[in-house]
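What the sequence shown shows, in this note's numbering, is residues 254 to 566, in sequence order. Each residue gets a CB set at the ideal place from its N, CA and C atoms; glycine is no exception. In this text the structure is predicted, and so the values were computed from the model without any measurement. Here is the structure we will look at.
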Amino acid sequence: MVNWVDNYLPSSLRPYAHLSRMDKPIGTWLLLWPCYWSTAMAADPKLLGLFTIGAFVMRGAGCTINDLWDRDLDRQVERTKTRPLASGTVTQTQAISWLAIQLSVGLSVLLSLPHTQYCFIWGAASLPLVVAYPLMKRIFDYPQLVLGLCFNWGAIMGWAAVHGSIDYNVILPLYLSGVTWTIGYDTLYAHQDKKDDTKLGLRSTAITFGRASTNNNALTTYACWLLAGYNGVAATSAVAMTTPMIMSDLLLSPSFGIYAMGVTGAYSHLVWQIHTADLNDPHNLAERFRSNAKVGGIIFGSILASKIALVVV
């Protein structure tokens, strides 16, 4: 598939861009949305910009770490055998150097956040998860759980950057519901490789949920994870956004109406995903997986619009 990396980057840089999956921005969006959700509660454009850069480079760093661990396995999987390390277009030494560059940029972003020391502690706390995730598929039946813990760390970071503290009553439900959303969409993603993974003895929720199950049973399990995650995000965002308002005023406010429309739109999109997913069609699964960027965007848009309505109206 032709993309901006192949069209515009010099040939010497393309392997590194592919190593960081710059040609596949869906992972960056899925990493970025939890940052946006918590930051949008304060609607700070500077922070949104910093988190955009941070999500872009740290997603690339995570992909590089993943490919360093999996380079031998990737050569044996149809979907991943052309990745730069697996195909040999980038050496292990070059990949480590590229990783160091990405981590340096990520550190610069981290040190640019408000409440720098507090954010640094929370940012550093996520690194063990980032490094450990690629190993989980070898030893753990639910590696998507670890991925969810990594990918939704931005919900914690966004709140920490805005407030210099963590309100666990708000952030813990937001974070955990984001984790369940990740388990859902990455289970779809993992179904693309389930045949190769089974041959190689690798583990995933696609395999775990699908054992001794029909396609419909596995799809139902995925649906429960995805909708549980979305409902948690929606409910937590609503509480955090409207705590200063008493309930009688809330139900009549333009802010609530805007948010309710966003919730309905995102929920409808998830229902469409579940209703139309075919767990045995890789192309269908890839489309449904990528469409989760829209779900994150709808949630972000509804939070932001509701915050603006509280101020303007």
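- By the Cβ neighbour-count rule, T529 is exposed, with fewer than 16 other Cβ atoms within 10 Å of its own.
- Taking every protein chain shown into account, the CB of H536 has fewer than 16 other CB atoms within 10 angstroms, so this residue is exposed.
- The region 305 to 321 makes no contact with the region 421 to 437; the number of CB pairs closer than 8 Å stays below 3.
- Across the set T292, L300, L352, D325, the C-alpha of L352 shows the shortest separation from the C-alpha of H271.
- Ranked by Cα distance from I511, the options G302, I436, I551 are led by I551.
- Ranked by Cα distance from Q355, the first of T451, G307, A546 is G307.
- The C-alpha of L557 lies about 29 Å from the C-alpha of V383.
- Put simply, the backbone Cα of Q347 is about 13 Å away from that of A339.
- Taking 9 Å as the cut-off, the Cβ atoms of Q329 and K448 do not count as close.
- At a Cβ-Cβ threshold of 9 Å, L303 and S365 count as neighbours.
- In the displayed model, A530 falls within coil according to three-state DSSP, outside both helix and strand.
- Here M275 carries a coil assignment [DSSP, helix/strand/coil].
- In this structure P367 does not touch I318 by the C-beta definition: roughly 28 Å separates them, more than the 8 Å allowed.
- Ranked by Cα distance from A385, the first of T344, C372, G401 is G401.
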